[in-house]
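In the UniProt record's numbering, the protein residues as written are 1 to 158. From the three backbone atoms N, C-alpha and C, an ideal C-beta is built for every residue, glycine too.
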């Protein structure tokens, strides 16, 4: 009798460990990977029924004596873990955070950033849509020119 267990109905449930690569650093339930000098990827996971741990990535950039965070984790608790990792591993203040769009995987941890006193920025449309998506808007809105660059009047001082 031939049995193809890989074709059996059920959930696809890769674990966090199965999604990690050599050199990744696990910190709580998050994973950090250095991409280049002064640049790290943070990966957080949300358990989705039927799929398991779904990954979401963001970035941490060190520039001199300060840090920029791009995108939060899925939750405030996970985003607080990102801030704890930065304190432990980089030990520099987070100057600001920029989020790329109004979904939970990018704005789900805004309250953690605000509680830590970190200035937050997002596209004006993302800030407008955030409450409709159940997200907390960033403190500052960025507007973009026709050429795709941020309008200087709305650009963060980083």
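Beta-bridge partners of residue i, as assigned by DSSP
i, result
"residue 46", "54"
"residue 102", "According to DSSP, residue 102 bridges with nothing at all."
"residue 40", "34, 60"
Distance CB(residue i)-CB(residue j) smaller than 8 Å
i, j, result
"residue 30", "residue 85", "yes"
"residue 110", "residue 120", "yes"
"residue 106", "residue 63", "no"
"residue 95", "residue 66", "yes"
"residue 127", "residue 138", "yes"
"residue 34", "residue 59", "no"
"residue 158", "residue 68", "yes"
"residue 133", "residue 102", "yes"
"residue 141", "residue 155", "no"
"residue 108", "residue 53", "no"
Opening and closing residue of the beta strand (DSSP E) in which residue i lies
i, result
"residue 120", "119-123"
"residue 92", "Careful: residue 92 lies outside any beta strand (DSSP E) and carries neither H nor E."
"residue 27", "25-27"
C-alpha gap between residue i and residue j, whole angstroms
i, j, result
"residue 57", "residue 43", "4 Å"
"residue 90", "residue 75", "22 Å"
"residue 78", "residue 27", "10 Å"
"residue 51", "residue 45", "11 Å"
"residue 32", "residue 39", "10 Å"
"residue 149", "residue 122", "14 Å"
"residue 159", "residue 135", "Lying outside 1 to 158, the shown extent of the chain, residue 159 is not represented and no answer is given."
"residue 25", "residue 61", "16 Å"
"residue 93", "residue 147", "32 Å"
"residue 131", "residue 88", "32 Å"
Status (buried if at least 16 other CB within 10 Å, exposed otherwise) for residue i
i, result
"residue 143", "exposed"
"residue 115", "exposed"
"residue 112", "buried"
"residue 48", "exposed"
"residue 81", "buried"
"residue 36", "exposed"
Start and end residues, alpha helix (DSSP H) containing residue i
i, result
"residue 36", "Premise fails: residue 36 lies in the beta strand (DSSP E), 30-36, not in any alpha helix (DSSP H)."
"residue 135", "Element bounds for residue 135: n/a, residue is neither H nor E."
"residue 111", "110-115"
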